[in-house]
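J.:
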Amino acid sequence: MIVVDTNVIAYLYLNTEFTARAESQLQRDAEWAAPLLWRSELRNILAGCMRRKTLGFEDARRIQAEAESQMAGNEHDVDSQRVLELVRDSACSAYDCEFAALALQIGTQLVTMDARLLKSFPKLAIPLPAG
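The numbering of the sequence shown is numbering that gives the first Met the number 0, which starts it at 0 and goes up by one.
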């Protein structure tokens, strides 16, 4: 099991420069975990795509449903104090620190392409491996 940030989940469903890497990661480790926050963040990504007219409503709805199915059973609450400690000790947002806190909580790595997370938590956060 790995923790993935919302962008990694989005890469799996949207055609991006990191889609092949996300697909490869899923083949290596199909059990992805995330804090509950991921749902709202993905909805926001999809909303942006709809507004830019790069994705229609039905596709956005389908992607959200497929992603929720993929993540079912691996969505977690995180400890607020731990999140705030990570915020205090890094340059990351509280949103990003939720993913780091979850990785610490369940004793696994956080897979992300977020440069700030990778720099702030070099022992915890790893980039998506190349295809």
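Using N, Cα and C, we set each Cβ at its ideal position, and we do this for glycine too. Quick caveat: nothing in here was measured; it's all calculated off a predicted structure.
Taking its Cβ as the centre, do 16 or more other Cβ atoms sit within 10 Å of GLU40, making it buried, or is it exposed?
T.: Classification of GLU40: buried, given that the 10 Å Cβ count is 16 or more.
J.: Is LEU83 closer than 7 Å to PHE98 when the C-beta atoms are compared?
T.: Cβ distance not < 7 Å, so PHE98 and LEU83 don't count as in contact.
J.: Could you compute how far the alpha carbon of ALA140 sits from the alpha carbon of TRP31?
T.: Not covered by the structure: residue 140. The range shown for the chain is 0 to 130.
J.: What residue does the alpha helix (DSSP H) around VAL82 start on, and which one ends it?
T.: That run of the alpha helix (DSSP H) goes 79–87.
J.: When you compare the stretch 8–16 with the stretch 48–65, are there three or more beta-carbon pairs, one atom per stretch, that lie closer than 8 Å?
T.: They touch, by the three-pair rule.
J.: Could you check whether LEU101 and HIS75 sit closer than 7 Å to each other, using their CB atoms as the reference points?
T.: Closer than 7 Å, so yes.
J.: Let me confirm a value: PRO34 is counted as buried when at least 16 other C-beta atoms fall within 10 Å, else exposed. Which label applies?
T.: With 16 or more other Cβ atoms within 10 Å, it is buried.
J.: According to DSSP, is LEU109 helix, strand or coil?
T.: If DSSP states are grouped into helix, strand and coil, LEU109 belongs with the strands.
J.: Taking Cβ to Cβ, would you say ALA124 is nearer than 7 Å to THR111?
T.: Contact flag set, yes.
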